[in-house]
Every structure is written in C-alpha cells, then in structure tokens.
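Novice: Protein chains in written order, with UniProt numbering: chain H, 1 to 266; chain A, 1 to 374; chain Y, 1 to 525. Below: one structure in structure tokens.
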Amino acid sequence: MRTALRLLPAGLIAVIALAGPLLAPSPIDAPVAAPYALPGPGVPLGADELGRNVLSRVLAGGRELLLTSLVVACLVTVAAALLGTAAALRPALGRIVERVADVMILLPAVLAVLLVVLSWQGGGRVALVTAAVAVGLPYAIRVVCAAAAPIAGSGYVEAAVAGGERLPQLVWREVLPNLRATLLILLGLRFVAAVYVVTTAAFLELGPQPPAADWALMVRENAPGILLNPWAVVVPSLAIGVLALSVQTAAEVLAPRSGRQVVARL
Amino acid sequence: MAERLTAARGPAAPPAWRAGQSSASGPSASGPSASGPSASGPSASGPSASGPSPSGFSASRPLSLLLRGAAALAQRAVLLAVLLVAVFAAMEFLPGDAARSSLDRGASAAAVAARRVELGLDQPLWNRLLRWMAGLPTGDLGVTSRGEQVAEVIGRHFPGTLLLGGLAFAVTMVAALALAVVAALRPSSALDRAISGTSTVVAALPEFVVASVLVLLFALWADLLPAVTVTAAGGGPASAAMLVLPVLSLAVPQIGWNARVARAALADECTAPHVEAAVLDGLPPRRVLLRHVLPGSLPTIAAGAATSVGMLLGGAVVVETIFNYPGVGSVLAGAVRDRDTPLVAGVVMVTSVAILAVLLAADLVRGWASVRRP
Amino acid sequence: MTPAVARIDELVLTGPAGGVVVDVPAVSGERGAVVALVGPSGAGKSTALRSMLGVLPDGLTCRAGRVRVLEHEVLGLDPVRLRRLRRHHIALVDQDPASRLNPRMRVRHLLAELAARPGPGELRRLLTDVCLPADDEMLARRPHQLSGGQQRRLALARALARRPDLLLLDEPTAGLDPSLGAEIGLLVRELADRHDMAVILASHDGDLVGRIADRVIELRIPSRAPVPSPPPVAVPSASAVPLPAPAPPTIMAPPPPVAAAVPPPAPAPTPAGGAASRAGRPVRAAARRTPALIMRRLRARTGRRGRTILHDVELELGAGAAHAVIGPSGAGKTTLARAITGLHPHAEGVVELDGQPLPLRLARRTGEQRRLIQLVPQDPLGALNPVRTVGAVLARPMRLHRRVDPADVPSRVERLLADVALPAETVTRLPHELSGGQRQRVALARALAADPAVLVCDEVTSALDAPTAQALMELLMRLREERGLAVVLVSHDLDLVARHCDTACSIDRGRISWAGRAGAVLQRG
Numbered sequence: 001m002r003t004a005l006r007l008l009p010a011g012l013i014a015v016i017a018l019a020g021p022l023l024a025p026s027p028i029d030a031p032v033a034a035p036y037a038l039p040g041p042g043v044p045l046g047a048d049e050l051g052r053n054v055l056s057r058v059l060a061g062g063r064e065l066l067l068t069s070l071v072v073a074c075l076v077t078v079a080a081a082l083l084g085t086a087a088a089l090r091p092a093l094g095r096i097v098e099r100v101a102d103v104m105i106l107l108p109a110v111l112a113v114l115l116v117v118l119s120w121q122g123g124g125r126v127a128l129v130t131a132a133v134a135v136g137l138p139y140a141i142r143v144v145c146a147a148a149a150p151i152a153g154s155g156y157v158e159a160a161v162a163g164g165e166r167l168p169q170l171v172w173r174e175v176l177p178n179l180r181a182t183l184l185i186l187l188g189l190r191f192v193a194a195v196y197v198v199t200t201a202a203f204l205e206l207g208p209q210p211p212a213a214d215w216a217l218m219v220r221e222n223a224p225g226i227l228l229n230p231w232a233v234v235v236p237s238l239a240i241g242v243l244a245l246s247v248q249t250a251a252e253v254l255a256p257r258s259g260r261q262v263v264a265r266l
Numbered sequence: 001m002a003e004r005l006t007a008a009r010g011p012a013a014p015p016a017w018r019a020g021q022s023s024a025s026g027p028s029a030s031g032p033s034a035s036g037p038s039a040s041g042p043s044a045s046g047p048s049a050s051g052p053s054p055s056g057f058s059a060s061r062p063l064s065l066l067l068r069g070a071a072a073l074a075q076r077a078v079l080l081a082v083l084l085v086a087v088f089a090a091m092e093f094l095p096g097d098a099a100r101s102s103l104d105r106g107a108s109a110a111a112v113a114a115r116r117v118e119l120g121l122d123q124p125l126w127n128r129l130l131r132w133m134a135g136l137p138t139g140d141l142g143v144t145s146r147g148e149q150v151a152e153v154i155g156r157h158f159p160g161t162l163l164l165g166g167l168a169f170a171v172t173m174v175a176a177l178a179l180a181v182v183a184a185l186r187p188s189s190a191l192d193r194a195i196s197g198t199s200t201v202v203a204a205l206p207e208f209v210v211a212s213v214l215v216l217l218f219a220l221w222a223d224l225l226p227a228v229t230v231t232a233a234g235g236g237p238a239s240a241a242m243l244v245l246p247v248l249s250l251a252v253p254q255i256g257w258n259a260r261v262a263r264a265a266l267a268d269e270c271t272a273p274h275v276e277a278a279v280l281d282g283l284p285p286r287r288v289l290l291r292h293v294l295p296g297s298l299p300t301i302a303a304g305a306a307t308s309v310g311m312l313l314g315g316a317v318v319v320e321t322i323f324n325y326p327g328v329g330s331v332l333a334g335a336v337r338d339r340d341t342p343l344v345a346g347v348v349m350v351t352s353v354a355i356l357a358v359l360l361a362a363d364l365v366r367g368w369a370s371v372r373r374p
Numbered sequence: 001m002t003p004a005v006a007r008i009d010e011l012v013l014t015g016p017a018g019g020v021v022v023d024v025p026a027v028s029g030e031r032g033a034v035v036a037l038v039g040p041s042g043a044g045k046s047t048a049l050r051s052m053l054g055v056l057p058d059g060l061t062c063r064a065g066r067v068r069v070l071e072h073e074v075l076g077l078d079p080v081r082l083r084r085l086r087r088h089h090i091a092l093v094d095q096d097p098a099s100r101l102n103p104r105m106r107v108r109h110l111l112a113e114l115a116a117r118p119g120p121g122e123l124r125r126l127l128t129d130v131c132l133p134a135d136d137e138m139l140a141r142r143p144h145q146l147s148g149g150q151q152r153r154l155a156l157a158r159a160l161a162r163r164p165d166l167l168l169l170d171e172p173t174a175g176l177d178p179s180l181g182a183e184i185g186l187l188v189r190e191l192a193d194r195h196d197m198a199v200i201l202a203s204h205d206g207d208l209v210g211r212i213a214d215r216v217i218e219l220r221i222p223s224r225a226p227v228p229s230p231p232p233v234a235v236p237s238a239s240a241v242p243l244p245a246p247a248p249p250t251i252m253a254p255p256p257p258v259a260a261a262v263p264p265p266a267p268a269p270t271p272a273g274g275a276a277s278r279a280g281r282p283v284r285a286a287a288r289r290t291p292a293l294i295m296r297r298l299r300a301r302t303g304r305r306g307r308t309i310l311h312d313v314e315l316e317l318g319a320g321a322a323h324a325v326i327g328p329s330g331a332g333k334t335t336l337a338r339a340i341t342g343l344h345p346h347a348e349g350v351v352e353l354d355g356q357p358l359p360l361r362l363a364r365r366t367g368e369q370r371r372l373i374q375l376v377p378q379d380p381l382g383a384l385n386p387v388r389t390v391g392a393v394l395a396r397p398m399r400l401h402r403r404v405d406p407a408d409v410p411s412r413v414e415r416l417l418a419d420v421a422l423p424a425e426t427v428t429r430l431p432h433e434l435s436g437g438q439r440q441r442v443a444l445a446r447a448l449a450a451d452p453a454v455l456v457c458d459e460v461t462s463a464l465d466a467p468t469a470q471a472l473m474e475l476l477m478r479l480r481e482e483r484g485l486a487v488v489l490v491s492h493d494l495d496l497v498a499r500h501c502d503t504a505c506s507i508d509r510g511r512i513s514w515a516g517r518a519g520a521v522l523q524r525g
C-alpha cells in the first residue's frame, strides 16, 4: 500500500507528460487571452508572454523532456552496466575508465553539453542525447564497477573464471543478474541527472525551439512576466522538480531492500 | 567507506570512488586478478604483540606529503592536457568551422579560404594544437576568430564567474556542513529527517528552477533583492545585493547534495569502533562529533565538494543568463556557436584549472586525514 | 566490607525468537578488588561488562535487568546522567584497543580529553602509571605509531585518566604474548590496589585470572542455546553419508560414462575399486607413480613488484592422490590454491599437468587446460551464484566444455546430484534454499561437472559443522577414488586432513615448512 502510494506521483506525472498533448484544451501556439493574463475562465493557469494558454503548454511540454531523459537514462545505465561489470572483472579496463572519469571531472557537464550541441549544428536531439550520455557515462561506470567489485571477487565468479568462462559470459551470466537492484536505482539517479542536463540545455535554448512547448523553455520565456502571471513560471518549474523526484523515488521503492543496501554504499 | 547516497545527481555523480582512498585504487583494484582475498595483506601470522616499529615515523611525513602532492599535481596536469586535446579534436571533427561561422552567410568560397588561412585553419590540427599549447606558459592563449586576444577576453569575463562560483562554493560548504552536523547530532530525529528530505529534494532541482522561485519570492513578492544584475563601470556587479540571488540559486542544489554526502559520511564514521569508544567514555556529543567523527569523514566530504565545483561552474553559465550577470557564460555560448576553438579551449582551460585546484585541495585533505595503517 | 561500586543483580536478555541468549548471574565489584568473569565465548561476558555502562547489544531484549553502578540504575538512566557517569566514574578498556583509539589524534590529546585534571604533569603521570615512556616524543605520537602492547597500555591510561571508580576490562591480554600478558596483569592488579578502584574483567586467560583475581564468577551459556555435540564417529566402511536425503542407488555405481566417451588427454589411471580403496594407502601410493600435477619453484607476489608471499613451493601429486595444504591463516595457502588454478596474476615458476607445462596466467591457458583443473571455493565467500538454480549451475560447465551431448545434460545433472548425494529435486533450488553442507556439495558437483583431472578445494569444510564436514570429506574421497582425481585440499582442520589425505605439507609465511604423510600432521608439535 505504502509502496503504491510512493509510486503514484511517478505514474501520475508520466501519464500527464505522455498523454498531455491530447488533453490540451486549446492549441499550444495560438493566443487565447492577453499576454500574461491571470488565471480566468478557459485559462486556469493564465496566459504566457504571447497570450497562449499556459495549461495547454504545460500539458504539452513534458513529453519530449520525459522521453529524451528516459532514453538518456536507459542508454547510460545499460552501457554502464556492461562496461562497469567488465571493468570490475578486468582491472586494466577499470584503470582506463578511471582515467577517463578523471578527465571528465575537469569539464563541467553544462560546458560539455554546450560544446557538443553548439558545434554539432543540425544535430538536434541526437546531439543532445549524445552529449548527455557522454557526460554521465564515466561516473555511472564507476558506480557499477564499485558495486560489481565484491561480486567479481566472490567465490562463484572465481570458480567460473577458473572453470573457463569468458568475459561476456561472466558479465552476463554471473555478475549482472546480481546487480539488478543496483541498476534499478542507478537508472533512477541517471534519470534525475538526465532531466537536469536536458532541461538545462533547453533553458539555454539548445533543445526544442520556439514555438514548441517545453517546460524548461517556458520558464525562460515567461520569466520576464513572472510578476504578472507567476503560474506561467512556477507550474513548469514544479513539473520539472516533481518529474525528477518522483521517478527517483519510484526506482528506490521498486529496488529490493538488499539492493538498496548495496547502493547505499555507493 | 563510501557515503550512503541514494540520490546522486548530475553528471558530477557520486564521489564514491574517491571516498577514503586515492583515485588510482578505485574499484578497479578489486578485480578478480588484482588481489583476491588470499593475496591481500601481510601474513597476519598470529596475534603477536609487536606492532610496527615506532622508530622513523615522524620526520619524513611532510616530505612524503609534498612528494605525493607533486605527483598528484603532475597527474592532474596530464589529464588537463588530455582534456584540451579532446576539446580541440571535438571542435575539429564536428561539422562546421570558424571561418564560415565568422563570415556572413553569403561569403564567397575565396573569402572563406582566405579567412581560413588568416585563422590558421589550413594548418593540420596537431600544428594548431601544439602552437596553442606552446603559448600557454607565457599566458598566450591565442587569438579569437574576431582577432581579440583570448587571454584578454577571458580576463574581462572570468573574474565575475569566479566570484560567483567562489561565493556559492563557500556558502555551499558552510551551509552543508552545518546542516549535516546539526542532523548528525540528533540522528533519526524529526530535524534529521527534515534536513535529509529537504536536501534530497533541492539536490534534484536544476539551477534555473531554483532561480525562478527565488526571484519570485525575494525580488518580486518581497521586493528585498534585485532580480537583475546591473554591471558597474569596472565590469562587476554594481552592488553586493545583486550577488545574493545568483549565489543562492547556484548554491541551493549543491547545499542539498553536499549536506547528503556529509550526513552520510558522518553516519558512516559513527560506526567506527573508536567513535563508540568515545561515546562510552562519556565525552560530550559535540566533542565526539567534532574531534572523533568529523576528521574521519573529511575525505568523503572533500570529494563531494570537489564534484560540486564542476556543477557550480557549469551552473554559473545558466545563472548568469538568468540574472544577466557579467561572466564567462555569454562569451562561451557565442564562442562555441562561432566554432572559435581558441576561445572555447581557453574557457575550458581556465574552468578546468579552477576545478583542478579544488581537486588538489581535496587530495590534500585526504592526505592529511587518511592514516597510514602499518 | 565496603559497599559494592557496581553490582548486577540479574540480567536476562532474550533474542528475537524469545529464547534466552544471555543470563548473567549476580556480579558485584568492590573498591580495591579484582573480579574476573570467565566462561565460554557466547556466555555474555562482554555483554555483562557493557551493561554496566548502560549498553545492551542490538537486537536483544532485556527481560530482566537490574544493574547498579554507584547507586545509579544504569539501564534506563537518563542520557545526561549516564554520560556523566561514564565520563567521570566508569571506564571500559575494550577487547581490541587498537581499533578503539582515534587514529587521527595524538597521545597527548587522547589522554587530555579524558583527564580529570589535564596538564602536562598529569599526562606524564598517566603514562608512567601504565609503564609507557613519559616524554614529549611519546605524547606526540599517533596510535598507529605504537606497538600492540603500547596501544593496550595507552587504552588503559585513557581509562585511568578520569580516575574512575570502576574499571572494566574486556579480555585485557587477548592477542598478547604470555610475558606481555603477565605484565599487563600485574599492572592491573597494582593499579586496583593503588587507586582503590573496583576492577571487573572478562577473560579466557586462566593464568591471568588465577594470578590477579580476588573473585571468579563463571558465566554459562543459557541451556536453551544449542550446545555443539561431539561429532559422531563415522565408520569408513559404511557407504551411507549421514544426510537427510536418501542415498540413491547410483551412489556406488562406476564412474559416469562421460569420461569414457570422451577420453581425457592423458590416460587416467583406473579408478581403484571399493575394497582396495578402503585399505587406502597402497592404492594411492601406486597412483602416485604418474604425477598428474607438478609444481616447481612456484613463487607468488602481491603485485607486479609486490612482496613475495609464496617462496619456491614444490608439490607433486598423482592421479587419485589427495594432498593437504595446512598452515596458519595468512600463510599463503589460498594463494597457492589460486596460483594452481591460474587465478593469482603474479605467480612464476613451473606448473605441469600430465607432463605438459601449464601457463600460470589463466588467460594463457586453453579451454581444455582450464577444464582439467577445477576450483571448489569456500562457502562464506559465496561459492554459488545466488540467482542461478542448482540445475543451471551444474549444466553450465557441461555445455561450456562440450563434454556432454546437449540432449543428455539434464540426465547428467541428475546423476551428478546423485553422485554428491543430493536429492534430485535440488535441481530447481536456489543456493539460499540449501544448507551450508548442501551448498558445498553443489560447489563440488559444479567442479566435477567439468570432468577435471585435478580438484583444488579451498577450505571447503571451514563453514560446516563437524558431522557435515566429515560427510563431505568422505564424499570427496570416494569421488576421488572413483574418478582418479588428484585433490589438493587446503584446510586448517588437522583431524580431517590426517584421516582422509595421503600426503600433506604445511605452509608458513609463504614457505613449505614441513611435508610428509598426512597421518603425521597430528603428531607434529
């Protein structure tokens, strides 16, 4: 029961973000009221800088963000699961990962995304996803590697190694099945990180271009009129926060308790 | 060991690998063939009473610390060079180039070619990279595609960013440590849970979300602080009050993150036997926390702080945009769009050097706080 | 008689299931008297000491407890007064003082933070009291710059610093060599007399107790706790393995046909039959004529330029022979086992298998070479993958090494389970559903599934109780005879070694310190 309760926000916001565009009461790019109009009949959250319906735009503005973040989080987690486990089993690979992560720590994530997206003109969402994955991967690998290290040293992996198993089999059959909880929580954490990168990029106008509806872009566009209609800024801001938090909570709830213990040490 | 984090955030993710040990002996060292359970450790041959020889322990410590510091510095410098090469290569291999982007759209092919020669773009990548690096020791960071000295452009804009980031860092560390210590003094009390919960929430928020809420609260409704930075004649913000909201916007998510790291590090250290002994000795809770718990958790806290620096400098780009703050953010956006490799490399370099400095400081803290076990 | 500084009238603690775990008899301590608590481990000696500090172990419930120290009922005392009591009147010196000294603080501060009157004179007096050099150099040291004995003295000085009325000592001489232990004992006695303290100590050390204690109180393990029963002496002629599982009829059947279908590269000697094997030695001696495994000048280091942890180890054993490796923990036994299987990356020397030189690094060994040497790891390290069923675990080596026609794998798994005397339904079980003995049998069966020539067993019985260990060893030895396996058995259980192995060697600090017949290990001093 409590579990269901803690899963609820994630489900709710996911449904809103995915189905929102269909629920929007008015078109997202047509003015329906005066610019920055306060909430009134037909416009429950007021209007934005161009008099467009804020509710419609909020409903429409989450889908791309959600999907992009999800893609990034999944890519990072899957790649980290494979590479991190391999790194735990092969110290030489582990050292390379360490060095790459040491380099990446010198480059702030926002700078890296700026670099890739701006110089990859026409890259669009692919460029953004690439940058976000590249930025998050080294650390995710380190986390998986740290979690896999005790398993890599366990008796059954030793026995499998001595018994003649090769690396892919070790990764796939012996280690990864024991990391399910870790990976689930990692997925949650990477989702939060991906939301951060994707929204920040959108806020810096590196993502969806106007007149597309996007929560981060809405915050930027409507910031000048924040005093006239605060809802146009506050609601998308809250939506971003709730999205990040609820998914992370859901991942934590879904992970088995033993796994939580494991990740707790990370 | 590592901190108990259930929310790692951002690309500068959990510093687990750094906690307590040098980065070289991270997870990789415990692979199956590195040193299994058997190969490790000296032969614990019987519980003999003769411990380490007590002689020859004191004089060499500062020297060895110094040497280790120098080695760490050299290692980090190499990493910086690698990063710069990567940035150069990325700018080279991604489509587009500076000659075209610094000219009008309709410029003729001949004009583009002339521009390329002028900017040195006809030279191979390695030549440009080497030439650029050769200038570094003299402070020569090259010339932007608009003909300005890179060092000058950065010198004009970076101090603002550094001020913003530095203040935010200071606020972050003070607030995070205070919150963590307050929470740790009353474990699993309502206060502890409130602090942990709140820090989880704010740590997950992007800076611009925090900034817009803060602006709404403090600038518009309460009308206490300015929402926009007015640049003074010197290039900095016109008044100190203008710094408050940008610094807070940057610091709040990092306070959340670092408070979690610090709280978990303190909780971990609390399980150490000597801490239990101190409690059973009846020492006052505050003394136990400050003398027995905190020193041991400093390496983890320092590692967490080091990862925050990147987030702060990256977030500064965002916050500068929101508050119209004079910093390196606007320069950087323009430079990347223009494929202005020397300028981008220059910005990356100064940012990296700033991060490097904090990483080294974290290394020093670790070296100081770690105890060489005999 | 002076009033008691501390007294436990009763202390009964129950475990989560409600059973009595600790039942402490009446204990009292008076000024100037040394009281010793003795008894087997698990009887609650440490718990009794700690209860006087107002601490009870996690997970246990206090059914009855009246513990008074200086007229305070310490269990349930309010935190502020409890802290004051601990700070000024009671001191505990714990079992492992080294870990209980803050490694980041200097001796000076370690003492000063507890001293009743901090000042240079007092600190020196404290050091002198515990016979440590009372100079600035000592005051400036950190705990890791002290020897084990010095650390213990420092912990004692820390305890004395507050001038306690009650001094609690938990195993004050554990891990010290006898002469050092005697010194500490005398010191405690003298301090009790001089400072008129009540001293209560818990110790295994009968010598110490006899020398310094005024009164001895014996603690017993509560009768509800299971008392380890002596292992039933197994009769070697009986084929039955003491197991709940019914021993299937295949148990004494000839070796499975796999070995015959795909002959191993070297001719394995015919497995010895039942009668001869019971006689033991002659058959094994004969088997030793063709060494299956030879090691010459085997060295191992901790790292590429690390310390040498194995020095020039030589070993030779034939098919069907069992060789035991014994020695203290940390001597290099497990390293040797790992070096043979190729798991230790920094080894050098010569290892030959059936006359063929074998690369020391696993990565250079061929699949066939890996198959021929199999490792049975010890259970506490997680010998079985927690998410794989027993069936999957056993089928994997057969498929990997293509020793068995895929269609025959299930029947082969079944026969293997029967071989190790496990019921057939074990196939679907996960490791956590099995007992320790059963898990160890599965680990053994997994090694056998690859049809090896050499089996390296690393402390396979260490986590098992005596009857289960006995049964496992009998099983192992029977399988060895049936299959002509050469067995390297790393163990610390001399009894088992003497009873089941042919030859043995002892490793001490990385060197073979003794080698000979296994039967002789018990006679060795």
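Glycine residues also receive a C-beta, built at the ideal position from the N, C-alpha and C atoms.
Could you run through the segment 64–85 of chain H and flag, in chain order, every residue whose CB is less than 9 Å away from some CB of chain A?
Specialist: Within the segment 64–85 of chain H, the qualifying residues are Gly-84.
Novice: Of the choices Y:Val-460, Y:Gln-470, Y:Leu-464, Y:Asp-465, whose alpha-carbon is the least far from that of Y:Leu-489?
Specialist: It is Y:Val-460.
Novice: Mapping the DSSP letters down to three states, classify H:Trp-231 as helix, strand or coil.
Specialist: The answer is helix: DSSP assigns H:Trp-231 an H, G or I state.
Novice: By the three-class DSSP mapping on this structure, what secondary structure does A:Asn-258 have?
Specialist: A:Asn-258 falls in the helix class under three-state DSSP.
Novice: Are the CB atoms of Y:Lys-45 and Y:Leu-219 nearer to each other than 8 Å?
Specialist: Closer than 8 Å, so yes.
Novice: Please classify H:Gly-163 as buried or exposed, where buried requires at least 16 neighbouring CB atoms within 10 angstroms.
Specialist: Under this definition H:Gly-163 is a buried residue.
Novice: Taking the beta carbon of A:Asp-223 as the centre, do at least 16 other beta carbons fall within 10 Å, making it buried, or is it exposed?
Specialist: With fewer than 16 Cβ atoms within 10 Å of its Cβ, A:Asp-223 is classed as exposed.
Novice: List the endpoints of the continuous beta strand (DSSP E) containing Y:Gln-438.
Specialist: Counting along the chain, Y:Gln-438 falls outside any beta strand (DSSP E), though it belongs to the alpha helix (DSSP H) covering 436–449.
Novice: Can you find at least 3 beta carbon pairs, one from the segment 76–92 of chain Y and one from the segment 279–287 of chain A, that sit closer than 8 Å?
Specialist: Flag = yes, the segment 76–92 of chain Y and the segment 279–287 of chain A touch.
Novice: Please tell me whether Y:Leu-375 has its Cβ less than 8 Å away from any Cβ of chain H.
Specialist: So yes, Y:Leu-375 belongs to the interface.
Novice: Please tell me whether Y:Leu-111 has its Cβ less than 8 Å away from any Cβ of chain A.
Specialist: Answer no: the Cβ-Cβ gap between Y:Leu-111 and chain A never drops below 8 Å.
Novice: Are the CB atoms of Y:Arg-153 and A:Ala-277 within a distance shorter than 8 Å?
Specialist: For A:Ala-277 and Y:Arg-153, no; Cβs fall outside 8 Å.
Novice: Take A:Leu-248 and list the residues in its own chain whose beta-carbon comes closer than 7 Å to its own, dropping the five residues that flank it on each side.
Specialist: Leu-214.
Novice: Comparing C-alpha positions only, which one of Y:Arg-402, Y:Ala-322, Y:Ile-217 sits nearest to Y:Leu-485?
Specialist: That would be Y:Ala-322, whose Cα lies nearest to the Cα of Y:Leu-485.
Novice: Against Y:Pro-341, what residues of chain H qualify as contacts under a CB-to-CB distance less than 7 Å, listed in chain order?
Specialist: Reading the sequence as shown, one finds Thr at residue 341 of chain Y and not Pro. Going along chain H in sequence order, the residues near Y:Thr-341 (Cβ under 7 Å) are Ala-162.
Novice: Please list the residues of the segment 387–409 of chain Y that have a C-beta atom closer than 9 Å to any C-beta atom in chain H, keeping them in chain order.
Specialist: Within the segment 387–409 of chain Y, the residues whose Cβ lies closer than 9 Å to some Cβ of chain H are Val-387, Arg-388, Ala-392, Val-393, Arg-396, Pro-397, Leu-400, His-401, listed in chain order.
Novice: Cβ of A:Pro-187 less than 8 Å from any chain Y Cβ?
Specialist: No, no contact with chain Y.
Novice: Quick check: is the beta carbon of Y:Thr-14 nearer than 8 Å to any beta carbon in chain A?
Specialist: So no, Y:Thr-14 is outside the interface.
Novice: Closest Cβ-Cβ distance between H:Tyr-156 and chain Y: below 8 Å?
Specialist: Yes, contact with chain Y.
Novice: Taking only beta-carbon positions, decide if A:Val-112 is within less than 8 Å of chain H.
Specialist: No, A:Val-112 lies away from the interface with chain H (no Cβ there is under 8 Å from its Cβ).
Novice: Can you tell me which of the three DSSP states Y:Arg-193 falls into?
Specialist: It should be noted that the sequence gives Asp, not Arg, for residue 193 of chain Y. Of the three classes helix, strand and coil, the one that applies to Y:Asp-193 here is helix, per DSSP.
Novice: Quick one: what's got a C-beta closer than 6 Å to Y:Leu-139's C-beta in the same chain, skipping five residues either side?
Specialist: Only Val-107, Arg-108 meet the Cβ criterion.
Novice: Using the beta-carbon count (16 or more within 10 Å), is residue 550 of chain Y buried or exposed?
Specialist: Since the displayed chain Y opens at 1 and closes at 525, residue 550 of chain Y lies outside it and no answer follows.
Novice: What number of angstroms, rounded off, separates the C-alpha of H:Ala-212 from the C-alpha of H:Gly-61?
Specialist: Looking at the two C-alpha atoms, the distance is approximately 8 Å.
Novice: So Y:Cys-457 is in the beta strand (DSSP E); what residue range does that whole segment cover?
Specialist: First-last of the beta strand (DSSP E) with Y:Cys-457: 454–458.
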